[in-house]
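Just so you know, the protein sequences line up as chains Y and F, in that order.
In the working numbering, each residue's number is its place in the first sequence (first place is 1) plus 227.
In the working numbering, each residue's number is its place in the second sequence (first place is 1) plus 14.
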Amino acid sequence: MDEPLAAWGVAHVERHAEIESTNTRAAALAKGNAVALPALVIAARQTAGRGRGANRWWSGEGALTFSLLLDAAADRLPAECWPLLSLATALAVNDALAERLPAERVQLKWPNDVYVSGKKICGILVEAPPARPPRLIVGVGLNVNNSLRGGPEEIRARATSLTDEADQHFDVEEILEDVVRRMLVEMEAVAQRRFDLTSRWDARCLLRGRTVRIDQAPSLVAGRCLGIHIDGSLRVQTLDGERRVYAGVVQSWE
Amino acid sequence: MAGSESRSGDIFDVDRIRRLIELMKEHDLREIDLKQEDQQIRLCRNLDEPVPRVVTQIAPAPPPQVAAPAAAASGSAPAADEANIVYIKSPMVGTFYCRPNPKAEAFVKVGQRVESETTVCIVEAMKVFNEIPAEVAGTIVAVLVEDGEAVDFGKAMFKVDTSK
Chain Y
228 MDEPLAAWGV AHVERHAEIE STNTRAAALA KGNAVALPAL VIAARQTAGR
278 GRGANRWWSG EGALTFSLLL DAAADRLPAE CWPLLSLATA LAVNDALAER
328 LPAERVQLKW PNDVYVSGKK ICGILVEAPP ARPPRLIVGV GLNVNNSLRG
378 GPEEIRARAT SLTDEADQHF DVEEILEDVV RRMLVEMEAV AQRRFDLTSR
428 WDARCLLRGR TVRIDQAPSL VAGRCLGIHI DGSLRVQTLD GERRVYAGVV
478 QSWE
Chain F
15 MAGSESRSGD IFDVDRIRRL IELMKEHDLR EIDLKQEDQQ IRLCRNLDEP
65 VPRVVTQIAP APPPQVAAPA AAASGSAPAA DEANIVYIKS PMVGTFYCRP
115 NPKAEAFVKV GQRVESETTV CIVEAMKVFN EIPAEVAGTI VAVLVEDGEA
165 VDFGKAMFKV DTSK
């Protein structure tokens, strides 16, 4: 069953019917140093999926949730590459979705959210546990067959799923294989320093040309988004000139 | 691109500051931090106080990116009186956090002993949360960056005395 994943270089696959969070499980695997890497932790259902900070990622039955645990040194991914990897993962998901939906509806919200028709469909959480040798965890939560149509209005206004957008049921396993394969291809490009970010990102950027507000608690950056910089930061034209934003949450765009 | 001639928009202009204060009130902001080349201004507002106070002024002549403490760049040859001093540097560009979350205690304090695997801070960039281990054993003698401050690749964040 996991042969296609092995063919792409995944050395260990763990499948859980239900788990708190695939990122938390991957961190435990990193600590134990017990499995071959890259390792993939897949969950049919997460009960305590995590997002940035204290945010939670809700994933009902039919969502695709997994974490890829990487050996950063063996994969030639030193820490300075990790921010780019965060964006590269979003591009991988973007391209997988663009094969299944009208491509122009799929967009990227810096730094690594994927949106369809203006609603969030995928969240990515990259974490680096304090392990030596260094390990990197790339967690992906993608709404596939978990229709949000029956959900509360507040969620439906902000989030969507593949099935809601395409009006059909999808093979989650096939999407998993496709996304992981694309992630590994992007990762290799990052490792070889030939990752093409700016032209690909700007063509799919949800924020470019819009007025954005970025919360960098306790401060706030506001201005017109000029697109992405080659190092992965967001270019924002503020009252005082162009700024590059490396951290924080884009709260609003209009 | 941010031109080097954008002096017309002097960030210390009184009207500009007045506008910033209005913006802070309008959006109920506690702090605004602006940097432009070698100038920096930070306005903090105590929510009980109607008027913000200016806490930071002009940075020293070299831009902050290169203004890391003198010894930071000298990884190979520490000064004589700093024979046992090692700097923990940022492995990537990002934002420095001294604590795991806003409500928690700082990972480490001045005077605290750290081991090689002790987590000393988090650097966030593009939503990657990198927990930084000390990678050296010793005692923290200085924290060189403030919580929430932007750090460059190689920026010295902690000063560690390995003899203690």
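Here a beta-carbon is modelled for each residue, glycine too, at the ideal position from N, C-alpha and C.
Hey, how far is the Cα of residue i from the Cα of residue j?
i, j, result
"F/R113", "Y/P329", "43 angstroms"
"Y/T251", "Y/Q464", "37 angstroms"
"Y/E392", "Y/E326", "13 angstroms"
"Y/I246", "Y/A253", "11 angstroms"
"Y/A389", "Y/A244", "This sequence places Leu at residue 389 of chain Y; Ala is not what is there. Computed Cα separation, rounded: 21 angstroms."
"F/A91", "F/G168", "Confidence in F/A91 is poor, its pLDDT being 40 and thus under 50, which makes the residue's placement too unreliable to answer from."
"F/E96", "Y/E401", "58 angstroms"
"F/E145", "Y/I457", "24 angstroms"
"F/Y111", "Y/D442", "15 angstroms"
"F/D47", "Y/P379", "38 angstroms"
"F/M38", "Y/V399", "47 angstroms"
"Y/D259", "Y/W309", "Asp is not the amino acid found at residue 259 of chain Y; the sequence shown has Gly there. In a straight line, the C-alpha of Y/G259 is about 22 angstroms away from that of Y/W309."
"Y/R277", "Y/K336", "18 angstroms"
"Y/R435", "Y/L453", "5 angstroms"
"F/H41", "Y/D429", "30 angstroms"
"Y/D394", "F/A118", "45 angstroms"
"Y/N408", "Y/A238", "Just to set this straight, residue 408 of chain Y is Arg in the shown sequence, not Asn. The straight-line gap from Cα to Cα measures roughly 13 angstroms."
"Y/A234", "Y/L324", "22 angstroms"
"Y/R420", "Y/A300", "15 angstroms"
"Y/V477", "Y/V320", "20 angstroms"
"Y/G468", "Y/R440", "15 angstroms"
"F/G125", "F/V159", "16 angstroms"
"F/E45", "Y/R451", "21 angstroms"
"F/P116", "Y/A255", "24 angstroms"
"Y/R242", "Y/P360", "25 angstroms"
"Y/R272", "F/A148", "36 angstroms"
"Y/V367", "F/D29", "46 angstroms"
"F/R67", "Y/E331", "Because the pLDDT of F/R67 is 39, which lies under 50, any placement of that residue in the model is unreliable, and the number read from its coordinates should be weighed accordingly. Straight-line Cα distance between these residues: approximately 47 angstroms."
"F/R32", "Y/T292", "48 angstroms"
"Y/D383", "Y/V343", "First, the residue type needs correcting, since residue 383 of chain Y is Arg and not Asp in the sequence shown. Looking at the two C-alpha atoms, the distance is approximately 12 angstroms."
"Y/E230", "Y/S313", "26 angstroms"
"Y/A449", "Y/L369", "29 angstroms"
"F/I154", "F/C135", "12 angstroms"
Below 8 angstroms on the Cβ atoms is my contact criterion, and I expect residue i with residue j to pass it. Report the Cβ-Cβ distance as a whole number of Å.
i, j, result
"Y/A275", "Y/A358", "Rounded, the Cβ-Cβ distance is 22 angstroms, inconsistent with contact."
"F/M171", "F/I102", "5 angstroms"
"F/P105", "Y/E354", "That belief does not hold up - the Cβ atoms of F/P105 and Y/E354 are roughly 15 angstroms apart, past 8 angstroms."
"Y/R471", "Y/S460", "4 angstroms"
"Y/W397", "Y/A315", "The question names Trp, but residue 397 of chain Y is Phe in the sequence shown. In fact, because the Cβ distance is near 23 angstroms, the residues do not count as touching under 8 angstroms."
"Y/L433", "Y/I455", "Not confirmed; about 11 angstroms, so no contact."
"F/S130", "F/A151", "6 angstroms"
"F/L43", "Y/L447", "6 angstroms"
"Y/E481", "Y/R431", "Contact doesn't hold; Cβ gap of about 19 angstroms is too wide."
Quick one, are the C-beta atoms of residue i and residue j less than 8 angstroms apart?
i, j, result
"Y/A317", "Y/V333", "no"
"F/V128", "F/V174", "yes"
"Y/I351", "Y/T387", "no"
"Y/V371", "Y/G289", "yes"
"Y/L311", "Y/V417", "yes"
"F/A164", "Y/Y473", "yes"
"Y/L411", "Y/G236", "yes"
"F/V122", "F/T132", "yes"
"Y/D298", "Y/R362", "yes"
"Y/L232", "Y/L267", "yes"
"Y/A270", "Y/T249", "yes"
"F/D166", "F/V107", "yes"
"Y/R385", "Y/K346", "yes"
"Y/S294", "Y/V240", "no"
"F/M140", "Y/N339", "yes"
Does any residue of chain A have a CB that is nearer than 8 angstroms to the CB of residue i?
i, result
"Y/A474", "Of the protein chains in this structure, namely Y and F, none is chain A."
Legend entry - Runs of beta strand (DSSP E) wholly within the segment 390-464 of chain Y (minimum 3 residues, chain order): Annotation: the segment 390-464 of chain Y contains the following complete segments of the beta strand (DSSP E) (minimum length 3 residues), in chain order: 438-443, 446-455.
Legend entry - Near-chain Y residues of the segment 131-161 of chain F - C-beta to any C-beta below 7 angstroms: E131, T133, E138, A139, M140, K141, V142, F143, N144, E145, P147
Inset, instruction - Quick one: which residues of the segment 94-128 of chain F get their C-beta closer than 8 angstroms to a C-beta of chain Y? List them in chain order. - result: P105, M106, V107, G108, T109, N115, P116
Inset, instruction - Scan the segment 32-45 of chain F for residues whose Cβ lies nearer than 8 angstroms to a Cβ of chain Y and list them as they occur along the chain. - result: H41, L43, R44, E45
Legend entry - Against chain F: residues of the segment 302-325 of chain Y by CB proximity under 7 angstroms: Listed by position along the chain: A306, E307, W309, P310, S313, L314.
Inset, instruction - With 7 angstroms as the C-beta to C-beta threshold (strictly closer), list the residues of the segment 325-344 of chain Y near chain F in chain order. - result: P338, N339
Inset, instruction - Using a Cβ-Cβ cut-off of less than 8 angstroms, list which residues of the segment 355-368 of chain Y approach chain F; keep chain order. - result: A355, P356, P357, R359
Legend entry - Inside the segment 326-372 of chain Y only - beta strand (DSSP E) runs reaching at least 3 residues: 333-336, 340-343, 346-355, 362-369
Inset, instruction - Note down, in chain order, all residues in the segment 405-416 of chain Y with a beta-carbon under 9 angstroms from any beta-carbon belonging to chain F. - result: none
Legend entry - Length-filtered (4 minimum) alpha helix (DSSP H) runs lying within the segment 234-314 of chain Y: 249-259
Inset, instruction - Give the residues from the segment 160-177 of chain F that approach chain Y closer than 8 angstroms (Cβ to any Cβ), ordered along the chain. - result: G162, A164, F167
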